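J.: Going down the list, the protein sequences come from chains A and B.
Letter by letter, the first sequence follows residues 1084 to 1245 of the working numbering.
Letter by letter, the second sequence follows residues 90 to 846 of the working numbering.
Have a look at this one before I ask anything.
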Amino acid sequence: MALRISLNINGTEHGVDLEDPRPTLLDVLRERIGLTGTKKGCDRGQCGACTVLVDGRRVNSCLTLAVSLDGADITTVEGLADGDTLHPVQAAFIQNDGFQCGYCTPGQIMSAVGLLSETGGQASAEAIREGMSGNLCRCGAYAGIQDAVLEAQANIAKAGKS
Amino acid sequence: MADTPMVAAHHVRLGSNSGQSMTRKDGLAKVTGKANYAADNRPEGLLHAVFAGASIARGRVTLLDTKAALAHPGVVHVMTPENTPALSQDPDEKTTPFTARIDVLQHNDVRYAGQPIAVVVAETLEAAIEGARLIKAEYDEQPARIGFDDGEAFTPEAVGISTPPKFATGDLEAQRKQAASSVSVVVETPLQYHNAMEPHAVVAAWDGDKLTVDMPNQAIGLAKPGIANYFGIPAENVTLRSPYLGGGFGSKAVLFGPQMLGILAARELKRPVKLALKRDQMFGPVQHRSATRQTVRYDIDADNRLLAFEHQANVSTSSFDNWLDGAANAGLSLYATPAISVAHSGTRFDTGTPGAMRAPGIATGSAVIECAIDMAAEKAGMDPLEFRLHNYAEKDHSNGKPYSAKALRECYETAANAFGWTDRPPKPGQMRDEDGLLTGWGMGTSIFHAPFFPAKARAVLRKDGTARAETSGADMGQGAWTALWQMAADGLGMAADDIDFDIGHSDLPDGSVAGGSAHTASAGGALFAAGNDVIRQLAEIATKDSDSPLFGAGNERLIGENGRLFKASDPSVGEPYTAILERAGIDEIEGQGRGNRDKASTETYAMFSHGAVFAEVKVDPDLYQVRVTRLIGAFAAGRIINPRLAKSQLTGGMIWGMSFALHEEGVHDKRTGRPLNNDFAGYHIPVLADVPHVEALLVDEDDPHVNDLGVKGVGELGITGTVGAIANAVWHAIGVRTPRYPIKIEDLLKGAEALKA
């Protein structure tokens, strides 16, 4: 049951041949397309390390069958920066030390980008803590993560006004 | 070399890089998805391997049916004990104290649930996963032994790697006769699983008898010969790459069965193989923290001074290996106690073998000790902080040695002020917030020893004024890429940006183990020394060159800074490194370094990092749900190389303390021995919503004895103290102490009902 789907990943069209419907978006990104920035932490939708944006919404790519996404727009951590210019969330994660080992970081960053668009730049610290709680960090970088998301939100608002 | 100029003597300021809160050198790679973790590698012709785990915890596999797996499209091979070749070294032989007994399909015995019993190798990951699911096994099953009441008792010869299981000093009974009162507490701590976010993984590729391994590893210098031993090849044939570890916490320091199976599969099939553990497979073959059942007793005199300290710990290990968490050694050097008696006993569970997990021994033991101290303070009618200061240890009472440095008083003061530890009602249940939640304040003391490992490093100064510095080292999140780079730059007297820096590769000098909170001191000390070795050679050239302004200054102290060598007595006399090299016609100078801890210092001083942690909790008076609303700690750990990163390590440790106190617990079914909660839905760790406020403050401390650079560790310190601080805060909120960690609603409810009765 060979299937061919098309995914627009970070602005580039990718034709993907699937021998059957089993491959998840996460495994297609990592093992077939070679975009390994997106991480596998649990493969069960419990840790958030695999978070990507599908048509602008954050999803756990380990719980999403690639075959269901024919024609979708997908943004991964590799597609966030504009050339050498980092996305405000990426820059804020570095500045606020919002990570240690870095393994959950691509998921944290994609989740933060999704959260800030969901809340329209109006998220309180409490809303950020709640909204980022689907992304586990075993190192315990949470203080930096909260500060990074708050700072990114402020910087995005500033850039929008100027 | 009597006329070798003295350069950058120890105990001087390190240089312009250390002490700076630089952002992470690996930050850009980590926020753009370019940091290359082991499982991200995809060599040409890669096969995927997934192992099938035993569904019993004790017994024997009597039949393995692999037909369905082999028939599954894409599956190319199934490894079982029947067709798996013997390793060159018996995997049950312990060749070093760091070797674990591992399961690599060499027999049919089952020693814990989830032990690999077959490995399925396939062209795609999906086929390998399905193939592993299709393996059918039949067993001769023995009853599983789980828990202290069902496990087999044994008398340990050592705890941790090689610490004696018993220790006593002073006359316990004589001191007890002087005592006015005593407190005693029995508390259990559960099995805890490391659960780094990055599951253990390996990508193995053979070229003849040469092997390239991508594998997260905290101790490359041990892993390289270890792998070579298992596969019967010379160590120089093994290339191990581990530039980034997605967390380690102790669980990536030794070699484990699943990763060796991936390497075996690659050799059998003559193609590269990737094997990554699934999350549920991390609750067996890759270590955990021992469960403990501890008793702590303090005896106190009429003047509220501690007289005697007794700590007994029954600690779990596996049926086939002997690692024991050294919980009862946690309090040896903590408070002023004239008599000390501690002892460990062991109990064998049918689980995988435990190992070192972030702050091994100290986290577990201090979780109970800090509660006992608060109980003693209550009995004495003293504030917990006042009581701790009253019993402050001016020397290490286990051996009489002075501390190399101990700024714990300053830590207490700094953290207490930041927290606002004033007017705390001594009795529990006195504080409520505006929402009616019962509020409690608690504290604990943090302590962690400051070991030092013999690390090596290399530095090369080039004639264009740039340099290279390297050591095998490991960054599992603690910040080695950055802090070690800063220290390397200071050793060379150069700006960090002018240094190509490399770690995480077995071709580099052995940077020793990233563990024991010793890596910055050990590997950083080696890098600093390697840079100094370069400057020493450079100075030798310059002082013998009649065209150099430093000619003849061989007996003077010279300093290398910002790429320029000059006289300490007159900084205007000197010249750039590049000028010295150019005149001498030398392309580069290579320096070698080892970190140094003075032997006499080791014998003379007790060496520890210290800290104080204050916690505020709120407890729902109806539901007994506990929230930690504030966690503030102050820590003294000698010279801090990078305050930004050190604070992250410390707050991370404090969150681990919160996790220990309130969240994590590995539960095994007592009947089958199988883990019941081997995923993140069942094995709880804190999320961001659990951590509204965590703050680490750094207290200045000059430790002139601990090593040449005065650096101690911060990676594990934050857990210790925090667990007890939270338990003490819970007691202060509602007057209940629970008999086990994590603190559970049902135990609080039981305790509260007992109080009412």
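We put the beta carbon where it would ideally sit given N, CA and C, even for glycine.
Since the structure is predicted, the reported quantities are computational estimates derived from the model, not experimental observations.
Which word fits B:Phe-724, buried or exposed, when buried means at least 16 other C-beta atoms lie within 10 angstroms of its C-beta?
T.: By 1-based counting over the second sequence, the position of residue 724 of chain B is 635. Buried, because 16 or more other Cβ atoms sit within 10 Å of the Cβ of B:Phe-724.
J.: Determine, using beta carbons only, whether A:Val-1196 comes closer than 9 Å to chain B.
T.: Translated into the one-based positions of the first sequence, residue 1196 of chain A becomes position 113. No, because no Cβ of chain B sits closer than 9 Å to the Cβ of A:Val-1196.
J.: Which of helix, strand or coil does DSSP assign to B:Asn-125?
T.: Sequence index remark: in the second sequence, residue 125 of chain B carries index 36 (1-based). Correct three-state label for B:Asn-125: coil.
J.: Report yes or no: is there a C-beta of chain B within less than 9 Å of the C-beta of A:Glu-1234?
T.: Taking the first sequence and counting its residues from 1, the one referred to as residue 1234 of chain A is at position 151. By this cut-off, A:Glu-1234 is not an interface position.
J.: With H, G and I counted as helix, E and B as strand and the rest as coil, what does DSSP make of B:Gln-626?
T.: As a working note, residue 626 of chain B is residue 537 in the second sequence. In this structure, B:Gln-626 counts as helix in the three-state DSSP scheme.
J.: How far does the beta strand (DSSP E) with B:Tyr-228 in it extend, from its first residue to its last?
T.: Taking the second sequence and counting its residues from 1, the one referred to as residue 228 of chain B is at position 139. Per DSSP, B:Tyr-228 belongs to the beta strand (DSSP E) from 225-230.
J.: I need the straight-line Cα distance from B:Leu-671 to B:Ile-624, nearest angstrom please.
T.: On the second sequence, position 582 is the one that residue 671 of chain B refers to. On the second sequence, position 535 is the one that residue 624 of chain B refers to. Residue identity check: residue 671 of chain B is Glu in the sequence provided, not Leu. Rounded to the nearest angstrom, the two C-alpha atoms are 15 Å apart.
J.: What separation, rounded to the nearest whole angstrom, lies between the Cα atoms of B:Ala-704 and A:Pro-1104?
T.: Here residue 704 of chain B corresponds to residue number 615 of the second sequence, with the count starting at 1. Here residue 1104 of chain A corresponds to residue number 21 of the first sequence, with the count starting at 1. So the alpha carbons of these two residues sit roughly 50 Å apart.
J.: Could you say which of B:Gly-580, B:Ala-603, B:Asp-791, B:Ser-601 lies nearest to B:Phe-617 if we only look at CA atoms?
T.: Stepping through the second sequence from its first residue, residue 617 of chain B is reached at position 528. Of the listed residues, the one whose Cα sits closest to B:Phe-617 is B:Gly-580.
J.: Starting from the C-beta of B:Asp-388, find all residues in its chain whose C-beta is less than 6 Å away, skip the five residues before and the five after it, and write them out in chain order.
T.: Taking the first residue of the second sequence as 1, we reach residue 388 of chain B at position 299. Within the same chain, B:Asp-388 has close Cβ partners Arg-265, Ala-268, Ser-271, Leu-396, Ala-397.
J.: Can you check whether the C-beta of A:Gln-1178 is within less than 9 Å of a C-beta belonging to chain B?
T.: As a first step, residue 1178 of chain A is located in the first sequence; it is residue number 95 there, counting from the start. Chain B contact via Cβ: present.
J.: Would you list the residues sitting across from B:Phe-398 in a DSSP beta bridge?
T.: The residue you call residue 398 of chain B lines up with position 309 of the second sequence. Note: B:Phe-398 sits in a beta bridge opposite B:Tyr-387, B:Ile-429.
J.: Assuming the contact rule is C-beta atoms closer than 8 Å, B:Thr-442 and B:Ala-189 should be a hit. Round their C-beta distance to whole Å, please.
T.: The residue labelled residue 442 of chain B in the question sits at position 353 within the second sequence. The residue labelled residue 189 of chain B in the question sits at position 100 within the second sequence. 6 Å between Cβ atoms; contact.
J.: Would you kindly report the start and end of the unbroken alpha helix (DSSP H) that includes B:Arg-683?
T.: As a first step, residue 683 of chain B is located in the second sequence; it is residue number 594 there, counting from the start. Not the alpha helix (DSSP H): B:Arg-683 falls in the beta strand (DSSP E), residues 677-683.
J.: Measure the alpha-carbon distance for B:Ser-273 versus A:Gly-1217 and round it to whole angstroms.
T.: By 1-based counting over the second sequence, the position of residue 273 of chain B is 184. By 1-based counting over the first sequence, the position of residue 1217 of chain A is 134. Going by the C-alpha atoms only, they are around 41 Å apart.
J.: Within the chosen definition, does the stretch 1164-1173 of chain A reach the stretch 798-813 of chain B through at least 3 CB pairs nearer than 8 Å?
T.: no
J.: Whole-angstrom Cβ separation of A:Ile-1088 and A:Val-1150, contact assumed at under 8 Å?
T.: Taking the first residue of the first sequence as position 1, residue 1088 of chain A is located at position 5. Taking the first residue of the first sequence as position 1, residue 1150 of chain A is located at position 67. The pair is a contact, with the Cβ atoms about 6 Å apart (cut-off 8 Å).
J.: Could you spell out where the alpha helix (DSSP H) holding B:Gly-855 opens and where it closes?
T.: Look at the range of chain B in this structure, 90 to 846, and you will see that residue 855 of chain B is not part of it.
J.: Under 9 Å, Cβ to Cβ, is there at least one residue of chain B near A:Val-1142?
T.: The sequence position of residue 1142 of chain A within the first sequence is 59, counting from 1. False, the Cβ-Cβ gap to chain B never drops below 9 Å.
J.: In chain A, what lies closer than 8 Å to B:Ile-774 by C-beta?
T.: Taking the second sequence and counting its residues from 1, the one referred to as residue 774 of chain B is at position 685. Residues of chain A passing the Cβ test: Leu-1219, Arg-1221.
J.: One question on the structure: do B:Gly-755 and B:His-433 come within less than 9 Å of each other, judged by their Cβ atoms?
T.: To locate residue 755 of chain B, count along the second sequence from 1; it is residue 666. To locate residue 433 of chain B, count along the second sequence from 1; it is residue 344. No. Outside cutoff.
J.: Expressed to the nearest angstrom, what Euclidean distance is found between the alpha-carbon atoms of B:Cys-500 and B:Phe-749?
T.: Within the second sequence, the letter at position 411 stands for residue 500 of chain B. Within the second sequence, the letter at position 660 stands for residue 749 of chain B. Roughly 22 Å between the two C-alpha positions.
J.: Rounded to whole angstroms, what's the CA-CA distance from B:Ala-221 to B:Val-139? Just pull it up for me.
T.: Within the second sequence, numbered from 1, the residue matching residue 221 of chain B stands at position 132. Within the second sequence, numbered from 1, the residue matching residue 139 of chain B stands at position 50. B:Val-139 has its alpha-carbon roughly 6 Å from the corresponding atom of B:Ala-221.
J.: Distance check for B:Phe-769 and A:Arg-1248, CA to CA, integer angstroms please.
T.: Chain A is shown only over 1084 to 1245; residue 1248 of chain A falls outside these bounds and no answer can be derived.
J.: Compare the Cα-Cα distances from B:Cys-460 to each of B:Ile-834, B:Arg-829, B:Leu-786 and report the closest residue.
T.: Position 371 of the second sequence, counting from 1, holds the residue named residue 460 of chain B. Minimum Cα distance to B:Cys-460 is reached at B:Arg-829.
J.: For B:Phe-243, tell me which candidate among B:Gly-435, B:Val-819, B:Ile-235 has the shortest Cα-Cα distance.
T.: For the purposes of this step, residue 243 of chain B is taken as residue 154 along the second sequence, with counting starting at 1. Closest by alpha carbon: B:Gly-435.
J.: Hey, is the stretch 658-672 of chain B in contact with the stretch 624-636 of chain B, meaning 3+ C-beta pairs nearer than 8 Å?
T.: yes
J.: Can you round the beta-carbon distance between B:Thr-865 and B:Gly-600 to whole angstroms, since I take them to be within the 8 Å contact cut?
T.: No statement about residue 865 of chain B is possible, as the shown extent of chain B runs from 90 to 846 and does not include it.
J.: Can you have a look at B:Ala-175 and say buried or exposed, based on whether 16 or more other CB atoms are within 10 angstroms of its CB?
T.: Walking along the second sequence from the start, residue 175 of chain B turns up at place 86. Answer is exposed; the Cβ neighbour count stays below 16.
J.: Assuming contact is defined by CB atoms lying nearer than 9 Å, are B:Leu-526 and B:Asp-709 in contact in what I supplied?
T.: By 1-based counting over the second sequence, the position of residue 526 of chain B is 437. By 1-based counting over the second sequence, the position of residue 709 of chain B is 620. When the beta-carbon positions are compared, B:Leu-526 and B:Asp-709 come within less than 9 Å of each other.
J.: Alpha carbon to alpha carbon, how far is B:Phe-438 from B:Asp-758? Give it in angstroms, no decimals.
T.: The count along the second sequence starts at 1 and reaches residue 758 of chain B at position 669. The count along the second sequence starts at 1 and reaches residue 438 of chain B at position 349. Each residue's Cα considered, the two are about 12 Å apart.
J.: From B:Ala-469 to B:Asn-817, what does the alpha carbon distance come to, in whole angstroms?
T.: For the purposes of this step, residue 469 of chain B is identified with residue 380 of the second sequence, where counting begins at 1. For the purposes of this step, residue 817 of chain B is identified with residue 728 of the second sequence, where counting begins at 1. Whole-angstrom Cα-Cα distance: 16 Å.
J.: Using the C-alpha atoms, what's the distance from B:Glu-645 back to B:His-100?
T.: What you label residue 100 of chain B is simply residue 11 of the second sequence in a count that begins at 1. What you label residue 645 of chain B is simply residue 556 of the second sequence in a count that begins at 1. Confidence is the limiting factor: at B:His-100 the pLDDT is only 39, short of 50, which leaves the residue's position unreliable, though a coordinate-based value still follows. Cα to Cα, B:His-100 sits roughly 18 Å from B:Glu-645.
J.: Just by C-beta distance, which residues in the stretch 1147-1163 of chain A are closer than 8 Å to chain B?
T.: Thr-1159, Val-1160, Glu-1161, Leu-1163
J.: Please tell me whether A:Thr-1134 and A:Gly-1181 are closer than 9 Å, where the distance is taken between their beta carbons.
T.: Translated into the one-based positions of the first sequence, residue 1134 of chain A becomes position 51. Translated into the one-based positions of the first sequence, residue 1181 of chain A becomes position 98. Not in contact: A:Thr-1134 and A:Gly-1181 (Cβ atoms no closer than 9 Å).
J.: Can you confirm whether the stretch 1108-1126 of chain A touches the stretch 281-290 of chain B when touching is taken to mean that 3 or more C-beta pairs between the two stretches lie within less than 8 Å?
T.: A contact exists between the stretch 281-290 of chain B and the stretch 1108-1126 of chain A.
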